[in-house]
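**Student:**
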Amino acid sequence: MPQLHRPRRIGCAESPPEVFPEEAEGGAGHANPAYSSGDEKGEPTQGNDAAAAAGDEEDQPLLRGIFEIKKKSCDVVLSAQRLSWSPITPESPLGHSSIGLQRKEESVEMKDVFSVKLKRRRFAGQERGGTLLGIAIFVCLKKEGNKLKDATINLGNISEDHCYLWYRSVKTILTGFPNRPKSLKVFINPTSHKKEATRIYYEQVAPLFKLADIMTDVTVYRL
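For the sequence shown, full-length UniProt numbering begins at 1 and goes up steadily by one.
1. Counting beta carbon pairs with one atom in the stretch 203-218 and one in the stretch 174-193, are three or more of them shorter than 8 Å?
2. In this structure, how does DSSP classify Arg-213 when only helix, strand and coil are distinguished?
3. Helix, strand or coil: how does DSSP classify Thr-152 here?
4. So the beta strand (DSSP E) Thr-131 belongs to, where does it begin and stop?
5. Select from Lys-72, Ser-86 and Lys-111 the residue whose C-alpha is nearest the C-alpha of Pro-178.
6. Run through DSSP, which three-state label would Asp-59 get?
7. Straight-line CA distance for Pro-21 to Ser-107?
8. Considering only their Cβ atoms, is the gap separating Leu-155 from Ile-173 smaller than 7 Å?
9. Among residues of its own chain, excluding the 5 on either side of Leu-148, which ones have a beta-carbon nearer than 8 Å to its beta-carbon?
10. Quick check on Pro-87: does DSSP put it in helix, strand or coil?
11. Could you give the first and the last residue of the continuous alpha helix (DSSP H) run that contains Val-170?
12. With a threshold of 16 other CB atoms inside 10 Å of the CB of Tyr-167, please say whether the residue is buried or exposed.
13. First and last residue of the beta strand (DSSP E) that includes Arg-199?
14. Helix, strand or coil for Ser-192 per DSSP?
15. DSSP three-state label for Thr-45, please.
16. Indicate the three-state DSSP secondary structure (helix, strand or coil) for Lys-119 in the structure shown.
17. Run through DSSP, which three-state label would Lys-70 get?
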């Protein structure tokens, strides 16, 4: 009687390549590579793995440092998706966290940030240079309905190298958004908003476009 050989089931899964984010300008280190394994049956999950790896890479910390925010020393973390910070919790001499103090993390999505500037103190008439105070992050916040409100997050630090590294890294993230305009055509109806539209634009709107490095071509209708 001939012997029957049961076919052996061999499963193989390809290992995803190591992914290293680009090194941030000024010497920021590489983020840890992320691996995504297949399921126990060895079924291919390359599409899911690629999406998960991309999401993990975007959320990997690019920079981490200490800044003063609202007169409190904070641990600040920057990733491609968000900027987050939390107050540094004081510790007791025995090494235990102080009772009643908790780390409350706050964050903003990078898609809501429209500009970043180095913040300096200048004397009257001084146009360049000045004492470095830190970094100013300009954010657009959503209010009720379709209303938007701008806000500023001040990161205090007097180190030139530290602040410039953060400034360049945030700037790189902002310039990487593909759908942000570089220039706009603006039409103003001078009779709208109780005939205050022109003044409101130049006093409130135009400065925001300038902060965001958006060039504008303005036309005021003459009725």
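Ideal Cβ positions, reconstructed from N, Cα and C, are used throughout, including at glycine.
**Tutor:** Looking at the atomic coordinates:
1. Here the stretch 174-193 lies against the stretch 203-218, with 3 or more beta-carbon pairs under 8 Å apart.
2. To locate residue 213, count along the sequence shown from 1; it is residue 213. A small fix is needed here, since residue 213 is Asp in this sequence, not Arg. Looking at Asp-213 - three-state DSSP - the assignment turns out to be coil, as it is neither helix nor strand.
3. Looking up residue 152 in the sequence shown gives position 152. Residue state, collapsed to three classes: strand.
4. The residue labelled residue 131 in the question sits at position 131 within the sequence shown. From DSSP, the beta strand (DSSP E) with Thr-131 extends over 131-142.
5. As a position in the sequence shown, residue 178 is number 178, starting the count at 1. The candidate whose alpha carbon is nearest that of Pro-178 is Lys-111.
6. Here residue 59 refers to the residue found at position 59 when the sequence shown is read from its first residue. Note: Asp-59 maps to coil in three-state DSSP.
7. Your numbering for residue 21 matches position 21 in the sequence shown. Your numbering for residue 107 matches position 107 in the sequence shown. Residue confidence is low: Pro-21 scores 31 on pLDDT, short of 50, so the model does not pin down where it sits. No coordinate-derived value is stated.
8. Within the sequence shown, the letter at position 173 stands for residue 173. Within the sequence shown, the letter at position 155 stands for residue 155. In this structure, Leu-155 does not lie closer than 7 Å to Ile-173 by Cβ.
9. In the sequence shown, residue 148 corresponds to position 148, counting from 1. Taken in chain order, the residues that qualify are Cys-140, Leu-141 and Lys-142.
10. As a working mapping, residue 87 is identified with position 87 in the sequence shown. DSSP, read as helix, strand or coil, puts Pro-87 in strand.
11. Taking the first residue of the sequence shown as position 1, residue 170 is located at position 170. Secondary structure note for Val-170: its alpha helix (DSSP H) is the uninterrupted segment 160-175.
12. By one-based count along the sequence shown, residue 167 stands at place 167. Counting Cβ neighbours within 10 Å, Tyr-167 comes out buried, since at least 16 surround it.
13. Position 199 of the sequence shown, counting from 1, holds the residue named residue 199. Careful: Arg-199 lies outside any beta strand (DSSP E), inside the alpha helix (DSSP H) at 197-200.
14. Taking the sequence shown and counting its residues from 1, the one referred to as residue 192 is at position 192. Looking at Ser-192 - three-state DSSP - the assignment turns out to be helix.
15. Translated into positions along the sequence shown, residue 45 becomes position 45. Below a pLDDT of 50, predicted positions are generally treated as unreliable, and Thr-45, at 48, falls in that range; the measurement from the model is reported next regardless. Coil, per DSSP.
16. The sequence position of residue 119 within the sequence shown is 119, counting from 1. Shown here, Lys-119 sits in a strand according to DSSP, grouped into three states.
17. Along the sequence shown, read from residue 1 onward, the residue named residue 70 stands at position 70. Note: Lys-70 maps to coil in three-state DSSP.
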